[in-house]
Amino acid sequence: MKAIVLTGRSLAQGRAKESKFSEEYMRASTACEVDPDDLASLGIQDGQNVRLVSGNRSIVLRAVRSSHAPHRGMVFVAYGPWVNVLTDPDSDGTGMPTLKGIEVEIQPAPDQEVQDLRSLLGQGPRGR
Amino acid sequence: MGGEGVAHNIVCPFCGCCCDDIELTIGGNGIVGIKNACALGQAKFMSAREGRGLRPKERADGVLSEADYGRAVRRSAKILAEARYPLLWGWSCTSCEAQRVGVELAEEVGGVLDNTTSTCHGPGLLAVHDIGEPTCTLGEVRHRADLIIYWGCNPVHAHPRHMRRYTVDSEGRFRKGRGERKMIVVDVRRTAAARMADEFVQIEPNGDYEALTAIRTCLKGEELEQEAIAGLPSKRFEELADEFIGCEFGVMFFGLGLTMSKGKSRNVDAALSLVRDLNSKTKFLAMPMRGHFNVTGANEVFAWQTGFPFAIDFSQGYPRYNPGDTSGVDVAARGDCDAALVVAADPISNFPLEAARGLASVPIITIDPHETPTTNASEVVLPSAMVGIEAGGTAYRMDGVPLTLRKVIEPPEGILQDTEILSAILREVKGLKGGR
């Protein structure tokens, strides 16, 4: 299914952002809010994983039933290193990458795991 | 303040609201109670001691090991002094006093100095250069505004006390409360703020420029030829134009929905142009919803010292400004920088992954209170006191009003302030560069 990704601040992500290696931060930053009708179209349940693919970039996130529906064809993910996997660094001459409006293909991925932060960034417990 | 007791009127060092009515109860050199803060401010104050770096570190044989400040400062200065084109990034979660030292350091090492503006409201500042910014203080909004527009922002999650302290739910001198004000939210999703609005206008993603331009067209009395624009029937824009004109004092607060979407600076151009045009009919102002508590201060200090608010390149020996070329993400993604100094920020988490990888491939020096993916990727880590909690200084609220941050508790034993660490690196760099 094609969709557009919006990123932004969420209360949960904002509360946990000073503790980047905490479970709370990972939980808040890996939630992908999906319109309930889109969840049904994808054939997945609230809490199951999805893979978001944009060109040669892709990331597995946890699909969460959105409480801000209707917004079919649009998903929300809080700012963070997970969604930044999808972001094109090209800033169109402004300094700002396009962090809202990223076009993706969403695929059900109930058997794939969401990477933890160290593994996502390729960092061992003592650094790079 | 030192010791135990209650500290009143503390400025919150989280978002650009800089709420200055926080009450903290101090006990055992920790914060044990808090009043008036939102969920974000509460989490920052109450978890101030969590996830902290407690000793300087430097990398040896690929592993970060504990060091002392003297050794870590000398290593940092050597890296910066020997670099051809270092990036000095962050600055929005520290004090203006630390930012000032940062400008001098950037000039000394001939680096690129950029703050997190370039990944939040940087495109908005580019629009301000082109159009100007009809604006005011949040106090004026509270006392006088009868129409509040939130466009592309969700204050309930990002600035939770904005509505209560400064806009629709505040008690002003001439506008007493919600009944005397109207709130319109324009966004692509029905956010928490949208549910609290009198009117919610849902537009298509990346449709902001068209929507803003459509309202401007109606305002000028011209007809819209299309039946639908940005996912809405054209008639809706005529209604919005009438509503905007019909107020006595309107304010448009705009968020990253404009700066991060397709169009970027041009979206803010359109918003500021609309506000400018509205002033031929009524009183109307605009203000960006700044995120970090002192990102506005970073723009102010950098602009006083160099003439430019962000993305400043000192490599020619004088300040140059060319966002898109001299901005942090672009410099890191192109692999232009050969070293980096990160102050109070976490670009390895917050940059697009390809730019983060570019940054991680060069020696990074990080000054930050917390352990983060950026400290993990660093060559040298200098832990610092939390500004606004363990160190004082000056911060600028989103409307450009300077406020005094206070030290309410002591930092962990032996931990220095950003200003002290940066000044020590600057002295060392000057010594290496010719004994000045």
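In order, the protein sequence lines correspond to chains H and X.
Residues 1 to 128 (this note's numbering) are what the first sequence spells out, left to right.
Residues 129 to 564 (this note's numbering) are what the second sequence spells out, left to right.
Glycine included, C-beta positions come from ideal geometry on N, C-alpha and C.
In DSSP terms, what residue i is bridged to
{"i": "X/Phe377", "result": "X/Lys411"}
{"i": "X/Pro214", "result": "X/Pro214 pairs with nothing; no bridge assigned."}
{"i": "H/Gln112", "result": "Note: H/Gln112 sits in no beta bridge, so no partner."}
{"i": "H/Ser58", "result": "H/Val53"}
{"i": "H/Met74", "result": "H/Ile4"}
{"i": "X/Met311", "result": "X/Ile276"}
{"i": "X/Gly161", "result": "X/Thr153"}
{"i": "X/Ser393", "result": "DSSP, once it has assigned bridges, lists no residue as partnering X/Ser393."}
{"i": "H/Arg65", "result": "H/Val34"}
{"i": "X/Pro511", "result": "X/Asp496"}
{"i": "X/His271", "result": "Answer by DSSP bridge pairing: none, since X/His271 is not bridged."}
{"i": "X/Thr530", "result": "The amino acid occupying residue 530 of chain X in the given sequence is Pro; Thr does not appear at that position. X/Pro530 pairs with X/Tyr524."}
Simplified DSSP assignment, three categories, for residue i
{"i": "H/Ser10", "result": "coil"}
{"i": "H/Ile44", "result": "coil"}
{"i": "X/Met324", "result": "helix"}
{"i": "H/Asp38", "result": "helix"}
{"i": "X/Ala523", "result": "strand"}
{"i": "X/Gln330", "result": "strand"}
{"i": "X/Phe372", "result": "helix"}
{"i": "X/Phe173", "result": "helix"}
{"i": "H/Asn49", "result": "strand"}
{"i": "X/Gly230", "result": "helix"}
{"i": "X/Phe382", "result": "strand"}
{"i": "X/Gly155", "result": "strand"}
{"i": "X/Tyr446", "result": "coil"}
{"i": "X/Asp405", "result": "helix"}
{"i": "X/Leu241", "result": "strand"}
{"i": "X/Thr247", "result": "helix"}
{"i": "X/Ser465", "result": "It should be pointed out that residue 465 of chain X corresponds to Cys in this sequence rather than to Ser. Coil, per DSSP."}
{"i": "X/Lys206", "result": "helix"}
{"i": "X/Glu355", "result": "coil"}
{"i": "H/Glu103", "result": "strand"}
{"i": "X/Asp258", "result": "helix"}
{"i": "X/Ile343", "result": "helix"}
{"i": "H/Asp90", "result": "coil"}
{"i": "X/Leu360", "result": "strand"}
{"i": "X/Val471", "result": "strand"}
Neighbour-count burial assignment, residue i, 16 or more Cβ in a 10 Å radius
{"i": "X/Arg323", "result": "exposed"}
{"i": "H/Gln13", "result": "buried"}
{"i": "X/Glu178", "result": "exposed"}
{"i": "X/Ser455", "result": "buried"}
{"i": "X/Gly386", "result": "Strictly speaking, residue 386 of chain X in this sequence is Leu, with Gly absent from that position. With 16 or more Cβ atoms within 10 Å of its Cβ, X/Leu386 is classed as buried."}
{"i": "X/Ser223", "result": "buried"}
{"i": "H/Pro110", "result": "exposed"}
{"i": "H/Ser66", "result": "buried"}
{"i": "X/Lys185", "result": "buried"}
{"i": "X/Gly516", "result": "buried"}
{"i": "X/Asp336", "result": "buried"}
{"i": "X/Asn407", "result": "exposed"}
{"i": "X/Phe302", "result": "exposed"}
{"i": "X/Ala461", "result": "buried"}
{"i": "H/Leu61", "result": "buried"}
{"i": "X/Arg199", "result": "exposed"}
{"i": "X/His136", "result": "exposed"}
{"i": "H/Asp46", "result": "exposed"}
{"i": "X/Leu182", "result": "exposed"}
{"i": "X/Tyr446", "result": "exposed"}
Taking Cβ-Cβ distances below 9 Å as the criterion, which residues of the stretch 317–347 of chain X are in contact with chain H? Arg317, Arg318, Thr319, Ala320, Ala322, Arg323, Gln330, Pro333, Asn334
Residues of the stretch 283–311 of chain X with Cβ closer than 7 Å to any Cβ of chain H, in chain order: His285, Ala286
Taking a cut of 8 Å between CB atoms, which residues from the stretch 17–44 of chain H lie near chain X? Glu18, Ser19, Lys20, Phe21, Ser22
Does the pairing of the stretch 376–393 of chain X with the stretch 86–106 of chain H give three or more beta-carbon distances under 8 Å? yes
State whether the stretch 257–275 of chain X contacts the stretch 225–235 of chain X, with contact taken as three or more CB pairs (one from each stretch) at a distance under 8 Å. no
Please determine if the stretch 83–90 of chain H and the stretch 369–381 of chain X are in contact, where contact requires at least 3 C-beta pairs separated by less than 8 Å. no
Spell out a yes or no on whether the stretch 307–315 of chain X and the stretch 33–42 of chain H are touching, meaning 3 or more CB-CB pairs, one atom from each, closer than 8 Å. no
For the stretch 201–213 of chain X and the stretch 514–531 of chain X, state whether three or more C-beta atom pairs, one from each stretch, are separated by less than 8 Å. no
Three or more C-beta pairs below 8 Å linking the stretch 471–489 of chain X and the stretch 498–505 of chain X: yes
Assess contact between the stretch 239–248 of chain X and the stretch 215–230 of chain X, defined as three or more Cβ pairs (one per stretch) separated by less than 8 Å. Is contact present? yes
Between the stretch 355–364 of chain X and the stretch 293–307 of chain X, can you find at least three pairs of beta-carbon atoms closer than 8 Å? no
Taking a Cβ distance cut-off of 7 Å, strictly less, list which residues of the stretch 82–116 of chain H are near chain X, in chain order. Asn84, Val85, Thr87, Asp88, Pro89, Ser91, Asp92, Gly93, Thr94, Gly95, Met96, Pro97, Thr98, Leu99, Lys100, Gly101
For the stretch 412–432 of chain X, which residues have a CB atom closer than 9 Å to at least one CB atom of chain H, in sequence order? Gly419
Should the stretch 18–36 of chain H be called in touch with the stretch 111–123 of chain H, which here means at least 3 C-beta pairs below 8 Å? yes
Against chain H: residues of the stretch 235–269 of chain X by CB proximity under 7 Å: Ser246, Thr247, Gly250, Pro251, Leu254
Return the residues of the stretch 384–399 of chain X that lie within a Cβ-Cβ distance of less than 8 Å from chain H, sorted by chain order. Leu384, Gly385, Thr387, Met388, Ser389, Lys390, Lys392, Ser393
For the stretch 529–562 of chain X, enumerate the residues whose C-beta is nearer than 9 Å to any C-beta of chain H, in chain order. none
Three or more C-beta pairs below 8 Å linking the stretch 133–153 of chain X and the stretch 286–294 of chain X: yes
Can at least three beta-carbon pairs, one atom from the stretch 5–12 of chain H and one from the stretch 267–287 of chain X, be found at a separation below 8 Å? yes
With a threshold of 8 Å, are at least 3 pairs of Cβ atoms found where one atom belongs to the stretch 398–407 of chain X and the other to the stretch 342–354 of chain X? yes
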